[in-house]
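Trainee: Have a look at the structure that comes next, please.
2 protein chains.
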Amino acid sequence: MAGMAAERDDEVVLQALRARLPDRALVTDPDVVAGLSHDDAEWAAVGRPLAVVRARSTADVAAVVQVAVEHGVPVVPRGAGTGLSGGANAVDGGLVLDLSGMDAITRIDPLERLAVVGPGVVNDHLRAAVAAHGLWYPPDPASSPWSTIGGNIATNAGGVCCVKYGVTGDYVLGLEVVTGTGEVVRLGRSTAKGVAGYDLTSLVVGSEGTLAVVTEAILRLRPLPAPARTVAGYFDSVVAAGEATRRVWEAGLVPAALELVDRHCLAAVDAWKNMGLSLEAEVVLLARVDDPGAAGDETAVRVRDCFTAAGATWADVSADADEAEALFAARRLAYPALERLGPVLTEDVCVPIAAVPEMLARIEATGRRHGTTIANIAHIGDGNLHPLLVVDSSDEGARQRAELAFDDIISDALALGGTVTGEHGVGLLKRDGLAREQSPALLAMQRAVKAALDPHGVLNPGKVLPPE
Amino acid sequence: MAGMAAERDDEVVLQALRARLPDRALVTDPDVVAGLSHDDAEWAAVGRPLAVVRARSTADVAAVVQVAVEHGVPVVPRGAGTGLSGGANAVDGGLVLDLSGMDAITRIDPLERLAVVGPGVVNDHLRAAVAAHGLWYPPDPASSPWSTIGGNIATNAGGVCCVKYGVTGDYVLGLEVVTGTGEVVRLGRSTAKGVAGYDLTSLVVGSEGTLAVVTEAILRLRPLPAPARTVAGYFDSVVAAGEATRRVWEAGLVPAALELVDRHCLAAVDAWKNMGLSLEAEVVLLARVDDPGAAGDETAVRVRDCFTAAGATWADVSADADEAEALFAARRLAYPALERLGPVLTEDVCVPIAAVPEMLARIEATGRRHGTTIANIAHIGDGNLHPLLVVDSSDEGARQRAELAFDDIISDALALGGTVTGEHGVGLLKRDGLAREQSPALLAMQRAVKAALDPHGVLNPGKVLPPE
Chain A
1 MAGMAAERDD EVVLQALRAR LPDRALVTDP DVVAGLSHDD AEWAAVGRPL
51 AVVRARSTAD VAAVVQVAVE HGVPVVPRGA GTGLSGGANA VDGGLVLDLS
101 GMDAITRIDP LERLAVVGPG VVNDHLRAAV AAHGLWYPPD PASSPWSTIG
151 GNIATNAGGV CCVKYGVTGD YVLGLEVVTG TGEVVRLGRS TAKGVAGYDL
201 TSLVVGSEGT LAVVTEAILR LRPLPAPART VAGYFDSVVA AGEATRRVWE
251 AGLVPAALEL VDRHCLAAVD AWKNMGLSLE AEVVLLARVD DPGAAGDETA
301 VRVRDCFTAA GATWADVSAD ADEAEALFAA RRLAYPALER LGPVLTEDVC
351 VPIAAVPEML ARIEATGRRH GTTIANIAHI GDGNLHPLLV VDSSDEGARQ
401 RAELAFDDII SDALALGGTV TGEHGVGLLK RDGLAREQSP ALLAMQRAVK
451 AALDPHGVLN PGKVLPPE
Chain B
1 MAGMAAERDD EVVLQALRAR LPDRALVTDP DVVAGLSHDD AEWAAVGRPL
51 AVVRARSTAD VAAVVQVAVE HGVPVVPRGA GTGLSGGANA VDGGLVLDLS
101 GMDAITRIDP LERLAVVGPG VVNDHLRAAV AAHGLWYPPD PASSPWSTIG
151 GNIATNAGGV CCVKYGVTGD YVLGLEVVTG TGEVVRLGRS TAKGVAGYDL
201 TSLVVGSEGT LAVVTEAILR LRPLPAPART VAGYFDSVVA AGEATRRVWE
251 AGLVPAALEL VDRHCLAAVD AWKNMGLSLE AEVVLLARVD DPGAAGDETA
301 VRVRDCFTAA GATWADVSAD ADEAEALFAA RRLAYPALER LGPVLTEDVC
351 VPIAAVPEML ARIEATGRRH GTTIANIAHI GDGNLHPLLV VDSSDEGARQ
401 RAELAFDDII SDALALGGTV TGEHGVGLLK RDGLAREQSP ALLAMQRAVK
451 AALDPHGVLN PGKVLPPE
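Each protein sequence line maps, in turn, to chains A and B.
Position 246, counted from 1, in the first sequence is what UniProt numbering calls 246; the numbers after and before it change by one each time, with no gaps.
Position 237, counted from 1, in the second sequence is what UniProt numbering calls 237; the numbers after and before it change by one each time, with no gaps.
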């Protein structure tokens, strides 16, 4: 009987949505719904939603949230579904709100150095569009060929450029959102500066759709940077690579990227693409230097000298774009190369720069202890590590061991003064970690904010905040 | 009788504070209390507080807020009192919480590029201390010789460097705060990146002591920049200066400062220091270029060429530090030079770059219409204008006309797509403007956040949010 009542209720919700939405916005085909019910997080729980709404306008989004409030139905916003923490995973009986169709670039303004975009605009599409005006949108998560600006905002996405140019939130001037009560509200501003009222823009950035649904963003842009040089260094230990990073920092240098790729990644890339890197290095460091002119050339040489002084077995500067691309390809191909070996559970801890060598050593020990292959790529200049746990999908025991390793990595990051998530967000996978990282009083403040802005609890419930 | 009851209640509050605070922390001397009851905002209402507490520790601050919650007494945090919006003005019967004594620089870490400081550390003191380590704390409000980091955080202070290096909030990684319930909570992080939970750090930044009291800050630092060149341009109209700014922006150049000083300021400076500037220009533009090496030299020449192409009557580049200092002196001396003529009511609107010439023209017309002298200094590269309304203090009519002019400037800024406050904060003076700038729904969201984090309403009540 309960099941029949639920079915009747579901039909009422679907009817209410159909009455408010354009034709074909509401999707109930089980295969389509299932395909849009999860992001890329391995092993995060996925609910069975009632339906998907493909929103095409702010009015569509407002209608969905209003119906959700009226009927007490959860709404899970999603973009391209490239998230790695389960933040876009569907909730049982809820609605998936697909924003990928709201992909208009409404304005690119070279004078104000800003763009106004829908949440569904793909990161790389935006970058290409503004480049045509001599402008640059820096945030460059590895998902940039597919991930949307709305998703980038939801997770406050980072990337390779952050070490010099900051993260997504540093480029969000203002937002149009649909609130937890279904109202359309503009937050922030379109001026270069502004301190009128509380910074709700920054509060919504990184809140993973739990405080509001972003329907438009005003993004800050920069002029395109000067062409970059790439500095590569091969090291025979992670400790030496950590020492190289320390030297670059202490020399007062600011590379536009500083990336680490370890031997597990190099071996996987070699096994796939036969680049031969794993024969030459245990660890590769890649720096990008985009200071203009001779000063940039000098900075690149100084970065190389820091690598050498830290014991690099080889280090050199390249100003050739093709050569630089080949060097960064190892970084870019690491993840897909590892995925060829089995499902990859991606970690995202961030620790102080000084703690990076110790953290990498502990990750190595954790892998040995649990018999789990753990490869490492890292935005080492930010102390943001991505241990990649590769698992044999046919072996349930391997999966359980990987989950233990995942928890141990979190414990070690916290013990070293780090955070459980540098750029991927909390979603479902890091809720326990959040509860371990933050004080009960801080969690209570966040619950109070959530209750204040989503009083009906319909916006992506169960994400970010750990259960009480 | 009510008065006597109030006095008895006051004595109970003072007793409770004495029991919790170190000797001499509680100050009731009327002259001292009056002197610490207001900031530098002209004409903002000042209440008569019960007492001042000179906090020396986080425990002192927690004790004050706990007593305040218990007895329903407002708490107004303050640093140096250099605010320009009345945000630190005392509330009748409340406590002034003076944080200027919490002035320890606990840590300067060149490797992590961060500093840990008390809220009472003076901006320039911090800058000097980190410079000794080759590091730089960029935010540079004009008040930097006196204003405290706590006050800078409370207002999300800007300054001259923002156009390239951002505002205070861009340099706040984490905070220790005392909450509205008197708990000590750490927000944010000390790692370079981190997205664990909601960004309450950014929410507290700029909230003017209404959501929490900052007791410690973890600040991001940069390496010291390269020595800068100064580019000066003389123009015969604000429209020409606006055109010069447009050309610099459209050329993709990023100066580290771009400041405008108008003829009223030049005349006041000349009257005081006899620099002769007002004979040569209606408007002066000053740019600072700190790109390193030859590229920076080239950028400076290109800025100069933009000035010339826009009709500058004179423009030149100087790499001489003394000459640059002399040029920026006119900018720095404008405010005190004007204050010699009478009380100065400082505006702080921010408009799109494209709207700056029109906004300056409207300000000129507003001054004529109300018979008020309005001088202009502007962070023109950010569109952040500081019309300075100079009033004869002996003339009540002049003051009333200046208040009308103040309101008209706000109206014009809003009509041109701007905001009522670029960097000074809302305090008391911009509450009406905030209500005009923001939608009722947005104001309601902010009230909900205030109620969630300050449920007893003791933290700087009446500031920022307009009365309902």
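For glycine and all other residues, C-beta sits at the position ideal for the given N, C-alpha and C.
What are the start and end residues of the alpha helix (DSSP H) that includes A:Ser-202?
Mentor: 200-204
Trainee: Hey, which unbroken runs of the alpha helix (DSSP H) at 4 residues or more fall wholly within the stretch 219-274 of chain B?
Mentor: 238-250, 263-273
Trainee: Can you give me the Cβ contacts of A:Cys-306 inside the same chain, cut-off strictly under 8 Å, excluding the 5 residues immediately before and after it?
Mentor: Ala-244, Arg-247, Val-248, Ala-251, Leu-253
Trainee: Which parts of the stretch 316-348 of chain A are runs of the beta strand (DSSP E), unbroken and 3 residues or longer, counting only runs that do not cross its ends?
Mentor: 344-346
Trainee: Under 9 Å, Cβ to Cβ, is there at least one residue of chain B near A:Thr-191?
Mentor: Contacts with chain B at 9 Å (Cβ-Cβ) include A:Thr-191.
Trainee: Once DSSP output is grouped into helix, strand and coil, what is the label at B:Ala-375?
Mentor: Strand at B:Ala-375.
Trainee: Tell me the start and end of each unbroken beta strand (DSSP E) in the stretch 381-443 of chain A that is at least 3 residues and wholly inside, in chain order.
Mentor: The qualifying runs are 384-390.
Trainee: Indicate the three-state DSSP secondary structure (helix, strand or coil) for A:Ala-452 in the structure shown.
Mentor: helix
Trainee: Using 9 Å as the limit for Cβ to Cβ distance, is A:His-386 near chain B?
Mentor: no
Trainee: In chain order, what residues of the same chain have a beta carbon less than 6 Å from the beta carbon of B:Ala-104, not counting five sequence neighbours either side?
Mentor: Gly-118
Trainee: Taking the alpha carbon of A:Trp-146 as the reference point, which residue from A:Leu-260, A:Leu-416, A:Gly-83, A:Ser-318 has its own alpha carbon closest?
Mentor: A:Gly-83
Trainee: Alpha carbon to alpha carbon, how far is A:Asp-290 from B:Ala-309?
Mentor: 29 Å
Trainee: Note down, in chain order, every chain B residue with its Cβ under 8 Å from the Cβ of A:Gly-86.
Mentor: Within chain B, no residue comes near A:Gly-86; the closest Cβ sits about 14 Å away, beyond 8 Å.
Trainee: Return the residues of the stretch 142-157 of chain B that lie within a Cβ-Cβ distance of less than 8 Å from chain A, sorted by chain order.
Mentor: Residues Thr-155, Asn-156.
Trainee: So, is the C-beta of B:Cys-350 closer than 9 Å to a C-beta in chain E?
Mentor: Although the question refers to chain E, the structure presented lacks it and instead comprises the protein chains A and B.
Trainee: Going by C-alpha to C-alpha distance, which of B:Gly-418, B:Leu-389, B:Val-391 sits closest to B:Cys-350?
Mentor: B:Gly-418
Trainee: Spatial neighbours of A:Gly-182 within its chain, please: C-beta separation below 6 Å, excluding the five flanking residues on both sides.
Mentor: The answer, listed in chain order, is Ala-62, Val-65, Gln-66, Val-69.
Trainee: Is there a C-beta anywhere in chain A that falls below 9 Å from the one on B:Glu-183?
Mentor: yes
Trainee: In whole angstroms, give me the CA-to-CA distance for B:Gly-233 and B:Ala-312.
Mentor: 6 Å
Trainee: Can you name the residues of chain A whose CB is closer than 7 Å to the CB of B:Leu-111?
Mentor: Arg-246, Trp-249, Glu-250, Ile-353, Ala-354
Trainee: With which residues is A:Ala-129 paired in a DSSP beta bridge?
Mentor: Its beta-bridge partners do not exist; DSSP assigns none.
Trainee: Using a C-beta to C-beta distance shorter than 7 Å, which residues of chain B count as neighbours of A:Met-445?
Mentor: Thr-179, Val-185, Leu-200, Leu-453
Trainee: Using only CA atoms, which one of A:Arg-186, A:Arg-78, A:Arg-222 lies nearest to A:Pro-139?
Mentor: A:Arg-222
Trainee: I want to see whether chain A comes within less than 9 Å of B:Thr-372, judged by CB atoms only; does it?
Mentor: Taking Cβ atoms only, chain A never reaches closer than 9 Å to B:Thr-372, which makes this a no.
Trainee: Thinking C-beta only, is B:Val-33 closer than 9 Å to B:Ala-51?
Mentor: Closer than 9 Å, so yes.
Trainee: I'd like to know whether the C-beta of B:His-379 is nearer than 9 Å to at least one C-beta of chain A.
Mentor: At least one chain A Cβ lies under 9 Å of B:His-379.
Trainee: Is it buried or exposed for A:Glu-423, if we count other Cβ within 10 angstroms and need 16 for buried?
Mentor: buried
Trainee: For A:Leu-21, which residues from the same chain have a beta carbon less than 8 Å from its beta carbon, with the 5 sequence-adjacent residues on both sides left out?
Mentor: Val-53, Asp-60, Ala-63, Val-64
Trainee: Do you know how far the Cα of B:Asn-460 is from the Cα of B:Lys-430?
Mentor: 15 Å
Trainee: Taking the alpha carbon of A:Glu-325 as the point to measure from, which residue in A:Arg-229, A:Arg-340, A:Gly-159, A:Ser-202 has its own alpha carbon closest?
Mentor: A:Arg-229
Trainee: Starting from B:Glu-358, follow the alpha helix (DSSP H) in both directions and report where the run begins and ends.
Mentor: 356-370
Trainee: Cβ-heavy atom distance between B:Gly-81 and the ligand PLP below 8 Å?
Mentor: With respect to the ligand PLP, the structure offers nothing, as it holds no ligand at all.
Trainee: 9 Å is my cut-off, CB to CB: does A:Leu-14 come that close to chain B?
Mentor: no
Trainee: What does DSSP give as the partner residues of A:Asp-98 in its beta bridges?
Mentor: A:Arg-54, A:Arg-78
Trainee: In chain order, which beta strand (DSSP E) runs of at least 3 residues are fully inside the stretch 130-192 of chain B?
Mentor: You should have 172-179, 184-188.
Trainee: From the DSSP output, read off the bridge partner residues of A:Ile-105.
Mentor: Bridge partners of A:Ile-105 according to DSSP: A:Val-117.
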